[in-house]
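K.L.:
Attaching a single structure in structure tokens format; questions to follow.
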Ligand SMILES: Nc1ncnc2c1ncn2[C@@H]1O[C@H](COP(=O)(O)OP(=O)(O)OP(=O)(O)O)[C@@H](O)[C@H]1O
Ligand SMILES: Nc1ncnc2c1ncn2[C@@H]1O[C@H](COP(=O)(O)OP(=O)(O)O)[C@@H](O)[C@H]1O
Ligand SMILES: [Mg+2]
Ligand SMILES: [Mg+2]
């Protein structure tokens, strides 16, 4: 079922800069979609259309079949949770716990549920010791995790994360990967904008490549990542495990998705069929 | 194996010296930096890693003087840069020696155009007009932002902001450049170009770098040294490959690049490659030759 649809969307900023040109894209319920592309390609501009923060200059955006021009941002915000690229544009409360509570309160969650969710998200993201602190004094990576915690706490149907791995160390990225699995298993629709190809690769999302305000490719990540010329144009590089796979004389039919798979294959415990 | 014994020394003398430094922010119960000592030599590229929130940015602020000059708190120990005691030297003097790229570029660029912003720093250094023009142009070209010269900072994408902020720091050509996650918002190709630029500035102009980065695969090829912090303390310090090969690094959230991870996994399985591969292509070749 199509949940989000961009129909020939163009967007021109007030200053006259064209950020999107004739973008058409449809995203189904329960899909995991990653958006990549060069700085200034239009990724942030695109995702800001999903909850109606931006309205197309031309064309239309539909969420559950409704034009975002005819829906209020408040209604859309009940469905779509967006974590911004820059956390400073999102955080405003006087304490970390109130920041996480805010949306849940607004949406009328009961006190018990709020307390439970608050506890869980702050612990999960390693922010529990900052409960009473001001969000302003957090480190850059901690601020980013707080924005993710705020969104995940109220459990939106559509989760949009603009560069979620910025400022995160390897262990935090691993946890983020786990969150994605959890969200996928509960049927959430996930849209991730990211430059971190090493992070995206094992998740194996549907990949949308943007360049110069246009969608230039849309499909399976392993297929698109194999197309060097296309990647070059959007200034995206190949993940290490794919590069390794391409260089091997004897290799399985499909690329290694993680280090364990590569280790097993190379060690002779071939659990994947060989390439013909 | 002692980590300090294996440090590959940069070519020169000590440029920055951190001596038993501790710092605690006013409302925080624990120090963000705990008893850190570190010597950075002229010409070194030092990579600083560690879990989010471990004190990396705080340590950088102590080196460029934002701490203690702009941030109040409890400060113990000391830092000297180019012979100047940071705590006793005005920020304007320090700025001639040290440039810091902030983690969030939005806190750094504030003039009404990208070009003006880059020129602003040079004006403060009293660089002559003609030289200023050419340095601004050259730096914009190096960072691929010439087309954005007249844009206001708020009309840029986040990656473009990061490049503009980086241009402002590089244009000033200080002896020591400190970069706080300089590629975090850059597309992969631009990130590689920025790494190449760091390498070039280090090699040709002898500029010393301290770089915080989580995507280690990017910086490892040009780093002389990898320092790891955890919970405010310095916990590892040595040649990058050695630190990565040390099992503790992963526990500190250091992002071991997939190829390096695979190399150690294979070693454990008894599959020994001729040498530690630096790229996936190199590893594939080594495996093909087995
Ligand atoms: N507020 C604004 N006013 C004018 N132009 C803008 C504004 N925000 C972005 N732009 C421009 O719109 C285009 C698309 O920007 P956008 O932020 O969507 O890029 P992006 O793909 O998210 O880039 P990044 O990877 O750097 O985050 C760029 O040319 C950018 O300079
Ligand atoms: N301005 C500040 N005021 C108070 N505490 C801060 C401030 N900035 C950072 N901290 C705290 O100091 C610790 C270290 O932060 P930081 O140096 O930014 O970490 P890193 O850069 O390693 O992610 C964290 O616990 C963080 O919450
Ligand atoms: Mg963006
Ligand atoms: Mg930091």
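Residue numbers (this note's numbering), protein chains in the order written: chain P, 6 to 281; chain B, 4 to 293.
Just so it is clear, CB atoms sit at the ideal spot from N, CA and C, and this is done for glycine as well.
Note that the coordinates shown come from a computational prediction; the quantities given were computed from them, not determined experimentally.
Classify residue 141(P): buried if its beta carbon has 16 or more other beta carbons within 10 angstroms, exposed otherwise.
P.N.:
exposed
K.L.:
Considering only C-alpha positions, which residue in the set 255(B), 25(B) and 170(B) is nearest to residue 185(B)?
P.N.:
170(B)
K.L.:
Under the rule that 16 or more other beta-carbon atoms within 10 Å means buried, what is residue 212(B), buried or exposed?
P.N.:
When all chains shown are included, residue 212(B) counts as buried.
K.L.:
Need the endpoints of the alpha helix (DSSP H) that residue 167(B) sits in, please.
P.N.:
161 to 174
K.L.:
Using a Cβ-based criterion (distance less than 7 Å to any ligand heavy atom), does residue 247(P) qualify as near ligand 2?
P.N.:
Answer for residue 247(P): no, Cβ out of range of ligand 2.
K.L.:
Within 8 Å of any Cβ in chain B, is that where the Cβ of residue 91(P) sits?
P.N.:
Yes, its Cβ sits closer than 8 Å to a Cβ of chain B.
K.L.:
Closer than 8 Å, CB to CB, is residue 216(B) near chain P or not?
P.N.:
Chain P, which has no Cβ nearer than 8 Å to the Cβ of residue 216(B), makes this no.
K.L.:
For the region 19 to 53 of chain B, which residues have a CB atom closer than 8 Å to at least one CB atom of chain P, in sequence order?
P.N.:
28, 30, 31, 52 and 53
K.L.:
Do you know how far the Cα of residue 30(P) is from the Cα of residue 2(B)?
P.N.:
Because chain B here runs from 4 to 293, residue 2(B) falls outside it and cannot be looked at.
K.L.:
Let's see if you can read the secondary structure: which residues bound the alpha helix (DSSP H) around residue 250(P)?
P.N.:
245 to 252
K.L.:
Grab me the residues of residue 146(B)'s own chain with a C-beta within less than 7 Å of its C-beta, minus the 5 sequence neighbours each way, in chain order.
P.N.:
166, 169 and 170
K.L.:
In the DSSP assignment, the beta strand (DSSP E) including residue 298(B) goes from what residue to what residue?
P.N.:
This structure leaves residue 298(B) out entirely; chain B is present only between 4 and 293.
K.L.:
Could you pull out every residue in the same chain whose Cβ sits closer than 6 Å to the Cβ of residue 20(B), ignoring the five residues on either side in sequence?
P.N.:
42 and 83
K.L.:
Do residue 156(P) and residue 86(P) have their CB atoms nearer than 8 Å?
P.N.:
yes
K.L.:
Name the residue from 39(B), 113(B) and 87(B) whose alpha carbon lies nearest to the alpha carbon of residue 99(B).
P.N.:
Ranking the options by Cα distance to residue 99(B), first place goes to 87(B).
K.L.:
Can you pull the chain P residues whose beta carbon is under 7 Å from the beta carbon of residue 76(B), in chain order?
P.N.:
Those do not exist, as residue 76(B) stays about 11 Å from chain P at its closest Cβ, beyond 7 Å.
K.L.:
Suppose the cutoff is 6 Å on Cβ atoms and the five residues either side in sequence are ignored; what does the same chain contact list for residue 209(B) look like?
P.N.:
46
K.L.:
Along the chain, where does the beta strand (DSSP E) containing residue 170(P) start, and where does it finish?
P.N.:
Unbroken run through residue 170(P): none, as it is neither H nor E.
K.L.:
Is any heavy atom in ligand 4 found nearer than 7 Å to the beta carbon of residue 174(P)?
P.N.:
Result no, Cβ not under 7 Å from ligand 4.
K.L.:
Establish whether the CB of residue 234(B) and some CB of chain P are separated by less than 8 Å.
P.N.:
no
K.L.:
Can you have a look at residue 287(B) and say buried or exposed, based on whether 16 or more other CB atoms are within 10 angstroms of its CB?
P.N.:
buried
K.L.:
Tell me whether residue 52(B) is buried or exposed, calling it buried when 16 or more other Cβ atoms sit within 10 Å of its Cβ.
P.N.:
buried
K.L.:
Where does the unbroken beta strand (DSSP E) through residue 27(P) begin, and where does it stop?
P.N.:
23 to 33
K.L.:
Would you please state the rounded distance, in angstroms, between the beta carbons of residue 244(P) and residue 203(P)? I believe it to be under 8 Å.
P.N.:
5 Å
K.L.:
Between the region 23 to 50 of chain P and chain B, which residues of the former have CB atoms less than 9 Å from a CB of the latter, in chain order?
P.N.:
24, 41, 42, 43, 44, 45, 46, 47, 48, 49 and 50
K.L.:
May I have the straight-line CA-CA distance separating residue 113(P) from residue 80(P), to the nearest angstrom?
P.N.:
Just so you know, the alpha carbons of residue 113(P) and residue 80(P) end up roughly 14 Å apart.
K.L.:
Show which residues of chain P have a CB atom less than 8 Å away from the CB atom of residue 56(B).
P.N.:
131, 143, 144, 146 and 147
K.L.:
Is any non-hydrogen atom of ligand 6 found closer than 7 Å to the C-beta of residue 198(P), if you look at the structure I gave you?
P.N.:
Because ligand 6 does not appear in the structure shown, any question about it cannot be addressed here, the ligands present being ligand 1, ligand 2, ligand 3 and ligand 4.
K.L.:
Distance check for residue 73(B) and residue 234(B), CA to CA, integer angstroms please.
P.N.:
23 Å
K.L.:
Can you check DSSP and say which residues form a bridge with residue 95(P)?
P.N.:
Looking at the DSSP assignment, residue 95(P) forms no beta bridge with any residue, so it has no partner.
K.L.:
Would you say residue 201(P) touches ligand 3, meaning its beta carbon is less than 7 Å from a heavy atom?
P.N.:
no
K.L.:
Tell me, please, whether the CB atom of residue 256(B) is closer than 8 Å to any CB atom in chain P?
P.N.:
Closer than 8 Å to some Cβ of chain P, the Cβ of residue 256(B) qualifies, so yes.
K.L.:
Which residues in chain B sit within 8 Å of residue 85(P), going by Cβ to Cβ distance?
P.N.:
Those within 8 Å of residue 85(P) in chain B number zero; the least Cβ separation is about 20 Å.
K.L.:
If you draw a straight line from the C-alpha of residue 61(P) to the C-alpha of residue 205(B), how long is it?
P.N.:
Answer to the nearest angstrom: the Cα atoms are 46 Å apart.
K.L.:
Tell me the DSSP bridge mates of residue 232(B)?
P.N.:
237(B).
K.L.:
Measuring straight from C-alpha to C-alpha, what distance separates residue 69(P) and residue 63(P)?
P.N.:
19 Å
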